[in-house]
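Chemist: Got a structure for you, questions after.
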DNA sequence: ATAATTGTGTACCATTATAGTACTATTTAA
DNA sequence: TTAAATAGTACTATAATGGTACACAATTAT
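Residue numbers (the numbering used here), protein chains in the order written: chain U, 395 to 548; chain R, 395 to 548.
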């Protein structure tokens, strides 16, 4: 299913809530109640986002979290990396040393191409895009969405 | 990490081995020994690929597996779907009914756009592409790899 | 016919990853 | 000093994954 973890999904929900009024400080409690995600889980996610420098935290009373940068500068790829580590479809795309399968793996290079394509796709979408309303389903973009990864091979 | 399961990874290895000489029949045993993947695991994968109609199986002595279609007609997306079900980054992209989070989810539509973009990317790569040698790293395609998903929003 | 070969299907187990929780420490505003 | 808030660590339960085992069915060769 090529799935994202739930935590990552939550993270995008949390971040896009925060992006809707950035500059504002939000406490974990507040975020939890607005999004409906349990507080401990929210805290865990926020901590990861702080570590990844996507959020800035302020401790103490009146503390909370704010976006570290403008929504336009926070990419979906960065969010995913923050929660799940490097974006890579296959193991061998991460560690340069490759897998232990003896034969048959001339494919590795091709996987890393696909990887990079997807990574770039995610890199090109920001929080600012995410909070934008969705375009109607019938217009011209349906052609644009045909992404020519295969063209890399020609 | 946005990862593919190991089985899916194996599947691409297996399929690209078979694609190198299609028309030929390959027994599970043979595939196992060539790829270095344990036989029971290979069988499991092959079975899934047969169910997904990517392979054709022949029982009995001299039996084995062959590709159901030409390598050019088997997409990476199809392989992933065969092993992991529909390609979707988030839960809500699959079931139309959406998730149970009360607020903050105007994002859903945007996720499904991203999903579709990635799906199309994977759809555009075939087995035939995978067995092709990788292009050298310095040439012109480095520009092409910048996939404008964000352009969907503009 | 019979035996050998090969795929099919089901069920199972061990390991790991994930999601979620609890508790304590630390920081800061009032 | 107290209350409000984050930080860090550790833990637990559940689910997914990867891998294995075994009985069954089909086909070919002898």
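Ideal Cβ positions, reconstructed from N, Cα and C, are used throughout, including at glycine.
For clarity, every value in this text was computed on a predicted model and none was experimentally measured.
Would you tell me roughly how many angstroms separate the C-alpha atoms of residue 424 (chain U) and residue 409 (chain R), rounded to the nearest one?
Modeler: Along the first chain, read from residue 1 onward, the residue named residue 424 (chain U) stands at position 30. Along the second chain, read from residue 1 onward, the residue named residue 409 (chain R) stands at position 15. Their backbone Cα atoms lie some 50 Å apart in a straight line.
Chemist: Can the beta-carbon of residue 412 (chain R) be found closer than 9 Å to that of residue 459 (chain R)?
Modeler: By 1-based counting over the second chain, the position of residue 412 (chain R) is 18. By 1-based counting over the second chain, the position of residue 459 (chain R) is 65. It is a contact, given that the beta carbons lie within the stated cut-off.
Chemist: List the residues of chain U that residue 445 (chain R) touches, going by C-beta distances under 7 Å, in chain order.
Modeler: On the second chain, residue 445 (chain R) is found 51 positions in, with the first residue counted as 1. None at all; the shortest Cβ gap to chain U is about 16 Å.
Chemist: Should residue 406 (chain R) go down as buried or exposed, given a rule of 16 or more other Cβ atoms within 10 Å for buried?
Modeler: Walking along the second chain from the start, residue 406 (chain R) turns up at place 12. Per the 10 Å Cβ criterion, buried.
Chemist: Judging by CA-CA distance, which residue of R:478, R:448, R:454 and R:479 is the nearest neighbour of residue 466 (chain R)?
Modeler: Looking up residue 466 (chain R) in the second chain gives position 72. Comparing Cα-Cα distances from residue 466 (chain R) to each of R:478, R:448, R:454 and R:479, the minimum goes to R:448.
Chemist: Assign residue 406 (chain R) to one of three DSSP states: helix, strand, or coil.
Modeler: Locating residue 406 (chain R) in the second chain gives position 12, counting from the first residue. If DSSP states are grouped into helix, strand and coil, residue 406 (chain R) belongs with the helices.
Chemist: Exposed or buried, what is residue 404 (chain R) when buried is set at 16 or more other beta-carbons lying within 10 Å of its beta-carbon?
Modeler: Here residue 404 (chain R) refers to the residue found at position 10 when the second chain is read from its first residue. With 16 or more Cβ atoms within 10 Å of its Cβ, residue 404 (chain R) is classed as buried.
Chemist: Hey, how far is the Cα of residue 422 (chain R) from the Cα of residue 396 (chain R)?
Modeler: The residue labelled residue 422 (chain R) in the question sits at position 28 within the second chain. The residue labelled residue 396 (chain R) in the question sits at position 2 within the second chain. Each residue's Cα considered, the two are about 30 Å apart.
Chemist: Please report the distance separating the alpha-carbon of residue 491 (chain R) from that of residue 483 (chain R).
Modeler: As a first step, residue 491 (chain R) must be located in the second chain, where it is residue number 97. As a first step, residue 483 (chain R) must be located in the second chain, where it is residue number 89. Below a pLDDT of 50, predicted positions are generally treated as unreliable, and residue 491 (chain R), at 47, falls in that range; the measurement from the model is reported next regardless. Roughly 16 Å separates the two Cα atoms.
Chemist: Going by other Cβ atoms of all chains shown within 10 Å of its Cβ, with 16 needed for buried, is residue 433 (chain R) buried or exposed?
Modeler: If you number the second chain from 1, residue 433 (chain R) lands on position 39. Classification for residue 433 (chain R): exposed.
Chemist: Just verifying my parser: in three-state terms, what is the DSSP assignment at residue 449 (chain U)?
Modeler: Within the first chain, the letter at position 55 stands for residue 449 (chain U). It is a strand residue.
Chemist: Mind listing, in chain order, the continuous alpha helix (DSSP H) runs of no fewer than 4 residues lying wholly within the stretch 412-440 of chain R?
Modeler: DSSP runs (the alpha helix (DSSP H)) wholly in the stretch 412-440 of chain R: 422-429.
Chemist: Between residue 443 (chain U) and the rest of its own chain, which residues show a CB-CB distance below 6 Å, the 5 nearest in sequence each way excluded?
Modeler: Taking the first residue of the first chain as 1, we reach residue 443 (chain U) at position 49. Contacts found: 449 and 476.
Chemist: If I measure Cβ to Cβ from residue 429 (chain U) and keep anything under 8 Å in the same chain, skipping five residues before and after, which residues do I get?
Modeler: As a first step, residue 429 (chain U) must be located in the first chain, where it is residue number 35. Result list for residue 429 (chain U): 404, 407, 408, 411 and 436, in chain order.
Chemist: Looking only at its own chain, which residues have a Cβ that is under 8 Å from the Cβ of residue 419 (chain R), when we skip the five neighbours before and after it?
Modeler: Against the second chain, residue 419 (chain R) aligns to sequence position 25. Counting only Cβ-Cβ distances below 8 Å, and skipping sequence neighbours, we find 452, 456, 457, 458, 459 and 460.
Chemist: In angstroms with no decimal places, state the Cα-to-Cα distance between residue 522 (chain R) and residue 468 (chain U).
Modeler: In the second chain, residue 522 (chain R) corresponds to position 128, counting from 1. In the first chain, residue 468 (chain U) corresponds to position 74, counting from 1. Rounded to whole angstroms, residue 522 (chain R) to residue 468 (chain U) spans 36 Å at the Cα level.
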